[in-house]
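Undergrad: Quick one: the structure is below, questions incoming.
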Amino acid sequence: MGAEIIDGRAAAKELRTELATRVSSLAAETGVTPHLLAVLVGEDPASAIYVRNKQRACEQAGIQSTLRRLPAETSQSELLDLVAQANEDHSIHGILVQLPLPSQIDEQAVLDAVSPAKDVDGFHPHNVGLIVQGRPRFMPCTPRGVQHLLLRHGVETSGAHAVVLGRSEIVGKPMAMLLMQKGPGGDATVTVCHSRTRNLADITRTADILIAAIGTPHFVTADMVQPGAVVIDVGTNRTDDGLTGDVDFAAVSQVASAITPVPGGVGPMTIAMLLENTLTAARLSASGS
Ligand code: GUN
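The numbering of the sequence shown is our numbering, which starts it at 26 and goes up by one.
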């Protein structure tokens, strides 16, 4: 029997329509239109596509977006200057510095420099700390998108064993935090696996919910999945065959009860959550907090 497909495009569309309404209500009530600044350094084609998609989604939701493109040889201090200016600019509510950055720039130094009140990626240590403490201001976009899909699909996380493959700052670590938090979409028993984990397949086979975020095409095979498990594929690997996930979709969909496709699963949700965070940033700014 084939797994149910968890449709991220449909979920994201629904969310973006709802966000557009909330954006116009905010504008009507306060005169504030949310404004996102996206910063793209260098010519990485994948990053350029991601940023373009984010900008297009902003426009459709009534959120203003500005793109600053900087050359690949931009220095760290030039980028830090731009971030400092954007922090001071009251017309900008959200700042997104697209990763990865060229090797001469210390990514963490740049992410640390973004004002926590405008950090719509949720990468600043202040915002990470709030997530760890269970009182988030900005939800990290990809993990929140995954959680939203689980909720929308009626997947019971409470008491479930959720196994997260990957320990990145962007996905793995914050994903584990959201799943273990108290409340809807949380209360899971979480295991985080990574490149040094022993007997990986023995652990993944005990997962009720398996979330793959390792960046290796087709890493998760059918024998690693418990029959009936829910499988979420966060992978976006560009191969000669196009965009592909971390999960061997054809084989795993014969074992799982539900699964996200790539493309059309988690990716669109990440963008929807970025819009949500930009709206939150604008709302906080309008209320003076
Ligand atoms: N590069 C890949 N994913 C992301 C993301 O979620 N935010 C930013 N800023 N860069 C990324």
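Ideal Cβ positions, reconstructed from N, Cα and C, are used throughout, including at glycine.
For clarity, every value in this text was computed on a predicted model and none was experimentally measured.
#1: Are VAL255 and ILE234 close, meaning C-beta to C-beta below 8 Å?
#2: Could you check where the beta strand (DSSP E) with ASN262 kicks off and where it finishes?
#3: Look at the alpha carbon of ALA45 and the alpha carbon of LEU309, and state the distance between them as a whole number of angstroms.
#4: As a quick exercise: from SER128, VAL171 and PRO242, pick the residue whose alpha carbon is nearest that of ILE31.
#5: For THR231, does the count of other Cβ atoms within 10 angstroms reach 16, so buried, or fall short, so exposed?
#6: Determine, using beta-carbon pairs with one atom in the segment 183-193 and one in the segment 43-60, whether at least three such pairs fall under 8 Å.
#7: Say yes only if the C-beta of ALA166 is nearer than 7 Å to one or more non-hydrogen atoms of ligand 1, and no if none qualify.
#8: Please indicate yes or no: does the CB of GLN172 lie closer than 7 Å to some heavy atom of ligand 1?
#9: Say yes only if the C-beta of LEU121 is nearer than 7 Å to one or more non-hydrogen atoms of ligand 1, and no if none qualify.
#10: What is the DSSP secondary structure of VAL48, reduced to helix, strand or coil?
#11: Ends of the beta strand (DSSP E) at ILE120?
#12: On the DSSP letters alone, give me the boundaries of the alpha helix (DSSP H) that GLY292 sits inside.
#13: Would you check whether ligand 1 has a heavy atom nearer than 7 Å to the C-beta of ASP144?
#14: Among SER314, ILE296 and LEU304, which one has its Cα closest to the Cα of ALA36?
#15: Beta-carbon within less than 8 Å of GLY289's beta-carbon, same chain only, minus the 5 sequence neighbours each way: which residues are those?
#16: Is THR11 near ligand 1, judged by its Cβ being under 7 Å from some heavy atom?
#17: Could you tell me how far apart the beta carbons of LEU121 and LEU299 are, in whole angstroms, since I believe they sit closer than 8 Å?
#18: So the candidates are VAL250, ASP137, MET164 and GLY154; which of them puts its Cα closest to the Cα of LEU190?
#19: What number of angstroms, rounded off, separates the C-alpha of GLU68 from the C-alpha of ALA97?
#20: Mind checking GLY197: buried by the 16 CB within 10 Å criterion, or exposed?
#21: Which complete beta strand (DSSP E) runs does the segment 43-107 hold, if anything under 3 residues is left out?
#22: Between the segment 73-91 and the segment 48-61, do three or more beta carbon pairs fall short of 8 Å?
#23: Comparing the CB of ILE195 with every heavy atom of ligand 1, is any distance shorter than 7 Å?
TA: Checking against the coordinates, here is how it stands:
#1: yes
#2: 262-264
#3: 17 Å
#4: VAL171
#5: exposed
#6: no
#7: It should be noted that the sequence gives Cys, not Ala, for residue 166. Checking every heavy atom of ligand 1 against the Cβ of CYS166, one is found closer than 7 Å.
#8: no
#9: yes
#10: helix
#11: 119-122
#12: 291-311
#13: no
#14: ILE296
#15: ASP32, GLY33 and ARG34
#16: Residue 11 lies beyond the residue range present for the chain, which begins at 26 and ends at 314; the question has no answer from this structure.
#17: 7 Å
#18: VAL250
#19: 7 Å
#20: buried
#21: 60-66 and 89-95
#22: yes
#23: yes
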